[in-house]
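Chains as they are written, first to last, in this note's numbering: chain A, 27 to 664; chain B, 106 to 353.
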Amino acid sequence: MNLDAKIPEGSLEQKWENFKKTAKLVNPANRKKLEVIVVGTGLAGSSIAASLAEMGYQVKAFCFQDSPRRAHSVAAQGGVNAAKNYKNDGDSVYRMFVDTLKGGDFRAREANVYRMAECSLNLIDQAVAQGVPFGREYGGYLNNRSFGGVQVSRTFYARGQTGQQLLLGAYQALMRQVGKGAVKLYSRHEMLDLVLIDGKARGIIVRNLDTGVLERHAGHAVILATGGYGKIYYLSTLAMGCNGSAIWRAHKKGALMASPSWIQIHPTSLPQSGDYQSKLTLMSESLRNDGRIWVPLKTDETRNPNDIPENERDYYLERRYPAFGNLAPRDISSRAAKERIDAGFGIGPLKNAVYLDFAKAIKEQGRSKIEEKYGNLFDMYRKITGFDAYEEPMMISPSAHFSMGGLWVDYELMTTVPGLFALGEANFADHGANRLGANSLLQASVDGYFIAPYTVANYLSGDIHTGKIDDQHPEFDKAQAAVEANLKKLLAIGGNKTVDYYHKTLGKILYDYCGLARNEAGLKGAIVEIRKLREDFYKNVKIPGDSIAMNSELEKAGRVSDYLEIGELMCFDALSRNESCGAHFREEYQTAEGEAMRNDAEFQFISAWEWAGAGADPVLHKEELTFEVLKPIVRSYK
Amino acid sequence: MKLNLKVWRQKDRESQGKLVDYVLEDLNPHMSFLEMLDTLNERLILAGDEPVEFDHDCREGICGQCGMMINGIAHGPLQNTTTCQLHLRSFTNNETIFIEPFRSQAFPIKRDLRVDRSAFDRIISSGGFVSTNTGQAPDAHALPISHQVTEAAFDSAACIGCGACVATCKNSSAALFTSAKINHLVLLPQGKEERQERVIRMVEQMDAEEFGHCSNTEACEVECPQGISVLNIARMNYEYNRALTRRK
Ligand SMILES: Cc1cc2nc3c(=O)[nH]c(=O)nc-3n(C[C@H](O)[C@H](O)[C@H](O)COP(=O)(O)OP(=O)(O)OC[C@H]3O[C@@H](n4cnc5c(N)ncnc54)[C@H](O)[C@@H]3O)c2cc1C
Ligand code: SF4
Ligand code: FES
């Protein structure tokens, strides 16, 4: 298979302009004849659905929550990046491009990364126009903070709720179009399959989660903006319903999956406290602006952290990475924490955490300043743990957080299935092997507001004479019958273990063998274990109830059955990449000091996997990466 | 610890519901309230019974999807806390806990503890936005907005749309939710253009959804997980009357 990324001609600065200048258009009278299906209402989905409807297309939008406003974009706390250079500290589109490409360890396309940085300027304007209440200085101008992996302040924020506020802006734009009848909204509907007609994406099969009834929806193009699949680890910072099912079912219909094992493990979440636990809450990375990370120098430390004197503490990030210190990028910070925890220096009842200490910041800036910056995060910490972080350091630990991997898309955000687009966290495109903080709200938003409106129109221009897509086409019958059969099969198993048991077991295997550190033997063993677990699932899972009714367990079972396949692919992906880059750290490929060893000579490519059928090993395709502007260098934050 | 639960079970909108007793032992006080329900469900499933349906997603207090009446209080005993952020340490050993759905004429019960809050979406689509299309915006700094104004707008914008205010109100009024959105937008210069039509449309939609009228009991503010102030309601009433007097 030839993976053509379709990068436009011209210098880096001209590529997106050139695309827009030459992209095909659809005239306004024809737009209302064209229907687009958007699955997902997070930042990516809401923004593309609203934008297309504003342009005059017929749009249907789907989400599994009971309101589009609850998509998991809502949970982002820290902020959104934009190269506005409002702080006059030397920022520019080019510098943001450099930071992002370098942060991603040179495993992303230059052209995509540059475009994201370029579009960041308009995103802030757009959000402000919608009424997003970004933090401001006393003079009335927008304020910025700094995030991990960069040396400028380019992060815009709305207290600790940047995600909710940006999403509300996009949701309100969406609901405005719903009110006008330009978007039909289907909340509590889950996509269970993609329908292809003559090789093109022409519709989806969804299940109404309140009634269990299956429905068919046809359109000229299908856009998946279904978010990340980091919940595959069970314990993660994602919401309970986050899933990989929509993209996975599209994958089985021919869309390639890129770099599935590149999952970011976030350094600052709350540690696990027991096996009943259902999620790990993220503490925003912005806390690392003022918090200092440390562990005791002694392994079996029992003293209260405040009683441990300075000279008996190991501020390991400041020690190992003096230039970036506590703001070292996420992959590096998480790995450094794991290194200390594995070496026996972890703190807390399960010895699985490190301290994040604000004592110095409170002393220097005063408690009220810290309260203003992070008050809601400190409140959240107290609610969840019962401890007061103004008085003693927080306890934090790494947690699965963000999927850099996802459906392979070209420059136009189209997958290998014609007419099927993937936006936001669901695609693999811009973050390489490690995403920088505050870049993904940005990516999801610019995909939806500024990129896909052009590229989807470019595709739809070929469909103005196609006429309405018929949802009674035999391909819809076939897809619906397959979905029905699959639901019946799950319900018929009638075993003796819950769906959660399988999810938790899979999560543990992945944390141990395909998490912060990986090695060949571990990954090979994990593939065997996951296959066994999957077999056991189809023999022994127990799902109560019926398919023609509300049934949360059946929903979960469908998602976990997909996770059991995605997990296996992640291990194949990690196994095939004999280098360490970004979030992918292969223990065999490290320097004497324990730093990652990238191998550009052999692995400067994107791995894109093809589904080869149940039980068969996946097939690897490669998209070579070329760097014309920025030559790959060793990533150093020392 | 041990808890005696009385959980509302109702098959669907039409069926009669009732409280069903469950006893859970050996619970960890650090468990969250929803993890306690997970534990209950696991037990029910393995025993061949149907698990309790309840709404939740983010489990970190921001998506607004969770919500139930716990001992008659929306989101339970802790102030400014969603159901998902409540932990068992807020209860005592051997306590009896009543768990019921958010009830309101405008929030029909779907099943067990799940209710239909789509009325809130319709209130937003009636006018809870700034009418700006993608790509029309001027530079963000073209319009300075003072720190105080932004912070005040944020205080209103913080609403997570959970519906606790409605569930707790004896009139089932949606005034706190609706007024929070109206204020978020009217405080900002971008939102001022449409202030008249917006407030009229949103208030009319709120009434059409059969939410009750606000009689200023202020119960909503007490239960609101985001601490949305009832002053929003006063301001909405002002905006509404102002709009009526200027209506042509
Ligand atoms: C706790 C947390 C904090 C974060 N903080 C930051 C931050 O500070 N800055 C930053 O830049 N990024 C942050 N991120 C990352 C960022 O929030 C996400 O990458 C981004 O919001 C993803 O947006 P999205 O639109 O792609 O997906 P989402 O917002 O996750 O939306 C997915 C949508 O798809 C729908 N969906 C999924 N599957 C199906 C299906 N099968 N059928 C129908 N609908 C489906 C869902 O209902 C939902 O509407 C954070 C992430 C987390 C988890
Ligand atoms: S005003 Fe408060 S209680 Fe009402 S929906 Fe908003 S957050 Fe929930
Ligand atoms: S589950 Fe999201 S607020 Fe409780």
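Backbone N, C-alpha and C fix where the C-beta goes; we use that ideal spot for every residue, glycine too.
Can the beta-carbon of residue i be found closer than 7 Å to that of residue j?
{"i": "A:L651", "j": "A:F631", "result": "yes"}
{"i": "A:P297", "j": "A:G374", "result": "yes"}
{"i": "B:K297", "j": "B:G233", "result": "no"}
{"i": "A:F404", "j": "A:A415", "result": "yes"}
{"i": "A:A478", "j": "A:L446", "result": "no"}
{"i": "B:T188", "j": "B:C171", "result": "yes"}
{"i": "A:A218", "j": "A:V660", "result": "Before going further, note that residue 218 of chain A is Leu rather than Ala in the sequence given. Result no, Cβ atoms of A:L218 and A:V660 do not sit closer than 7 Å."}
{"i": "A:I63", "j": "A:I230", "result": "yes"}
{"i": "A:Y475", "j": "B:T239", "result": "yes"}
{"i": "B:S195", "j": "B:P206", "result": "no"}
{"i": "A:L468", "j": "A:N107", "result": "yes"}
{"i": "A:A470", "j": "A:A70", "result": "yes"}
{"i": "A:S423", "j": "A:A354", "result": "no"}
{"i": "A:L590", "j": "A:R560", "result": "yes"}
{"i": "B:L94", "j": "B:A257", "result": "Here chain B comprises residues numbered 106 to 353, so residue 94 of chain B is not present and cannot be evaluated."}
Quick check on DSSP: helix, strand or coil for residue i?
{"i": "A:V380", "result": "strand"}
{"i": "A:A426", "result": "strand"}
{"i": "A:N28", "result": "coil"}
{"i": "B:H318", "result": "coil"}
{"i": "A:A244", "result": "strand"}
{"i": "A:T481", "result": "helix"}
{"i": "A:M421", "result": "strand"}
{"i": "A:Y120", "result": "helix"}
{"i": "A:N337", "result": "helix"}
{"i": "A:R603", "result": "coil"}
{"i": "B:M341", "result": "helix"}
{"i": "A:Y589", "result": "helix"}
{"i": "B:A324", "result": "helix"}
{"i": "A:P322", "result": "strand"}
{"i": "B:S137", "result": "strand"}
{"i": "A:L306", "result": "coil"}
At a CB-CB cut-off below 9 Å, which residues of chain A make contact with residue i?
{"i": "B:N238", "result": "A76, S77, E80, M81, A199"}
{"i": "B:H289", "result": "G157, P159, L194"}
Just to make sure I have the definition right: I need the residues of chain A whose C-beta is within less than 7 Å of the C-beta of residue i. Which are they?
{"i": "B:F259", "result": "P159, A184, R185"}
{"i": "B:C163", "result": "H98, V100, A101, A265"}
{"i": "B:K215", "result": "D236, M576"}
{"i": "B:R133", "result": "Per the sequence presented here, residue 133 of chain B reads as Asn, with Arg not at that position. Chain A residues near B:N133: G300, Y302."}
{"i": "B:D244", "result": "D151"}
At a CB-CB cut-off below 8 Å, which residues of chain B make contact with residue i?
{"i": "A:R202", "result": "S230, F234, S236"}
{"i": "A:R180", "result": "Neighbours of A:R180 on chain B: none; closest Cβ ~13 Å, over 8 Å."}
{"i": "A:L168", "result": "A245, H246"}
{"i": "A:Y112", "result": "H246"}
Chain B partners of residue i, CB-CB under 9 Å?
{"i": "A:P570", "result": "L149, I150, G153, D154, E155, P156"}
{"i": "A:G165", "result": "P249, S251, H252"}
Starting from the beta carbon of residue i, find every residue of chain B whose beta carbon is closer than 7 Å, and list them in chain order.
{"i": "A:K409", "result": "T186, Q190"}
{"i": "A:E579", "result": "I150, P156"}
{"i": "A:K305", "result": "R164"}
*Meets three-Cβ-pair contact criterion under 8 Å: the stretch 600-611 of chain A and the stretch 128-147 of chain A*: yes
*Between the stretch 156-169 of chain A and the stretch 94-104 of chain A, do three or more beta carbon pairs fall short of 8 Å?*
No: fewer than three Cβ pairs fall under 8 Å.
*Quick one: which unbroken alpha helix (DSSP H) runs of 4-plus residues sit fully inside the stretch 259-295 of chain A? Chain order, please.*
Complete alpha helix (DSSP H) runs here, min 4: 271-278.
*With a floor of 4 residues, list each alpha helix (DSSP H) that falls wholly inside the stretch 510-550 of chain A, ordered by position along the chain.*
525-539
*Could I get the ranges of all uninterrupted beta strand (DSSP E) runs contained in the stretch 186-273 of chain B, with 3 residues as the minimum, in chain order?*
200-205, 214-216
*Is there contact between the stretch 587-607 of chain A and the stretch 544-552 of chain A, where contact requires at least three CB pairs shorter than 8 Å?*
yes
*At least three beta-carbon pairs within less than 8 Å, the stretch 227-245 of chain A to the stretch 179-189 of chain A*: no
*asked:* Would the stretch 218-230 of chain A count as touching the stretch 502-515 of chain A if we require 3 or more Cβ pairs under 8 Å?
replied: yes
*Hey, is the stretch 135-153 of chain A in contact with the stretch 82-95 of chain A, meaning 3+ C-beta pairs nearer than 8 Å?*
no
*Should the stretch 329-348 of chain B be regarded as contacting the stretch 259-267 of chain B, the criterion being three or more beta carbon pairs within less than 8 Å?*
yes
*Starting from the N-terminal side, write out each stretch of the beta strand (DSSP E) that is 3 residues or longer and does not extend beyond the stretch 200-253 of chain A.*
209-212, 215-223, 226-234, 240-244, 247-250
*Between the stretch 135-150 of chain B and the stretch 307-322 of chain A, are three or more C-beta pairs nearer than 8 Å?*
The stretch 135-150 of chain B, when compared against the stretch 307-322 of chain A, does not touch it at the 8 Å Cβ threshold.
*asked:* Restricting to runs no shorter than 4 residues, where is the alpha helix (DSSP H) found entirely within the stretch 355-419 of chain A?
replied: 356-366, 385-391, 393-411
*If we count Cβ pairs, one from each stretch, closer than 8 Å, do we get three or more for the stretch 533-543 of chain A versus the stretch 567-586 of chain A?*
Below 8 Å, too few C-beta pairs join the stretch 533-543 of chain A and the stretch 567-586 of chain A to call them touching: fewer than three.
*asked:* I'd like the ranges of any alpha helix (DSSP H) spanning at least 4 consecutive residues and lying wholly in the stretch 444-490 of chain A.
replied: 466-472, 478-486
*Mind pulling the beta strand (DSSP E) runs of 3 or more residues that sit fully within the stretch 52-132 of chain A?*
DSSP assignment within the stretch 52-132 of chain A yields the following whole beta strand (DSSP E) runs of 3 residues or more, N-terminal first: 61-65, 84-88.
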